Amino acid sequence: MMSKIFLDLFQLAIIVVFLSVSTQAQNGVVKSFYPNKTIKSEISYINDILDGKSIYYYSNGNIQEEKNYSKGILNGWVRQYYESGKIKIEYYVDNGVKDGDEKKYSSEGELISILTYQKGYLKRKQTFDGKFPIAKESNKKVDIKENYKEAYPIGGVQEIESKIIYPEDAKKYGLEGSVVLNLKIDETGNVLNYQVKKSLGLGCDEEAIRILKETKFIPARNNDKFIPSELELEIKFRLPKKEEKIVQKENQQLSTAISTSGKNIEIICQADQCPRPEDALATIYSRVQIPN
């Protein structure tokens, strides 16, 4: 009997700790640690929203990734490192959108590639063998592109986004963000094939595909001749302004660890906006039963 009472009280204590942590807004730098007590991450919040620098570490203490947020939106330089400490990837994000050069390096520190983005769209790709271009042919291809015009949807991306029927589950949980697809388009402007490169979930991927199947494209053109091509297309899902908007870009991971008897319970969310009860914690509080 006493053991049952003790167990009930222990479970109640866990619930109280969880609710207390959930209802307190996070402010300042929140740190997490590996089991050996070495630092795992340092993440800056203002009123539960990512704001400031986020740094993630390897278990050996070297930085794994560092990035900056402004009011929940990725903004500024993003850098990833090898476990040895050498730079792996670096690129710049302007208000949630890649802009400029994304550079990738080998574990030996040699430049592998440069991807050039303009407002989120990939415009140029350069590949290198060590410190030098793989072949001169790659430069020739870039020259040819001067007379090349990529495919684009009739009416533009805004026309596509205007046809979105917001999925009920995504609307219910306030999910916002982008679905990015790789498309193969023939010389007549029809979509031959598609692949989801960046998923959003809760029905948004399916809705983006539905619209694309109904969309006609102006085919790519090279030297005034229509040709088959590949295209990366981003479709943005945005709720009406009256809805609460919490936007988090580029595969963001939020985690909160609660220590219980030496074990960690980790809550992880990789969506643009995490699922939550419609009435916040009111329902949870109303169902808590305190043992006699």
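The numbering of the sequence shown is my numbering, which starts it at 1 and goes up by one. Think of the CB as a built atom: it goes at the ideal place given N, C-alpha and C, for glycine as much as any other residue. From a predicted model like this one, the values you see are computed outputs, not experimental measurements.
8 Å Cβ cutoff met for residue i and residue j
| i | j | result |
| --- | --- | --- |
| L105 | K86 | A small correction: the amino acid at residue 105 is Tyr; Leu does not occupy that position in the sequence shown. Yes, these two residues count as a Cβ contact at 8 Å. |
| Y121 | E232 | yes |
| I160 | E207 | no |
| P219 | G174 | no |
| V179 | I235 | yes |
| F115 | F128 | Looking at the sequence provided, one finds Leu at residue 115 rather than Phe. Not in contact: L115 and F128 (Cβ atoms no closer than 8 Å). |
| R238 | E176 | yes |
| K103 | E90 | yes |
| I154 | K88 | no |
| V191 | L183 | yes |
Rounded separation between residue i and residue j - CA only
| i | j | result |
| --- | --- | --- |
| Y166 | T38 | 44 Å |
| V30 | N62 | 18 Å |
| V196 | L181 | 4 Å |
| K119 | D94 | 8 Å |
| E187 | N60 | 53 Å |
| G156 | S44 | 38 Å |
| K98 | G76 | 9 Å |
| P35 | E42 | 16 Å |
| I46 | I211 | 37 Å |
| Q26 | L50 | 9 Å |
| K171 | G100 | 33 Å |
| E150 | K40 | 43 Å |
| E230 | F33 | 43 Å |
| Q64 | Y92 | 17 Å |
Terminal residues of the beta strand (DSSP E) in which residue i lies
| i | result |
| --- | --- |
| G76 | G76 to Y81 |
| G28 | G28 to F33 |
| R221 | A220 to N222 |
| D68 | In the sequence under discussion, the amino acid at residue 68 is Asn, which differs from the Asp named in the question. Taken as a continuous stretch (DSSP letters only), the beta strand (DSSP E) holding N68 covers I63 to S70. |
| I112 | L111 to Q118 |
| Y58 | Segment: none, Y58 is in no beta strand (DSSP E) and carries neither H nor E. |
| K225 | K225 to I227 |
Buried versus exposed call for residue i [16 or more other C-beta atoms within 10 Å across all chains shown]
| i | result |
| --- | --- |
| E168 | exposed |
| P240 | exposed |
| K67 | buried |
| I185 | buried |
| L74 | buried |
| Q158 | exposed |
| D48 | exposed |
| D224 | exposed |
| G96 | buried |
| S54 | buried |
Reduced DSSP secondary structure (H/G/I, E/B, other) of residue i
| i | result |
| --- | --- |
| F123 | According to the sequence provided, residue 123 is Lys. The question's Phe does not apply to it. Three-state DSSP puts K123 in a strand. |
| L200 | coil |
| L212 | helix |
| D48 | coil |
| D205 | helix |
| S41 | strand |
| D101 | strand |
| N182 | strand |
| I87 | strand |
| I235 | strand |
| T188 | coil |
| N193 | strand |
Endpoints, the alpha helix (DSSP H) within which residue i is located
| i | result |
| --- | --- |
| D169 | E168 to K172 |
| E161 | G156 to E161 |
Residue i: CB within 7 Å of a non-hydrogen atom of the ligand FAD
| i | result |
| --- | --- |
| T188 | No copy of the ligand FAD appears in this structure; indeed no ligand is present at all. |
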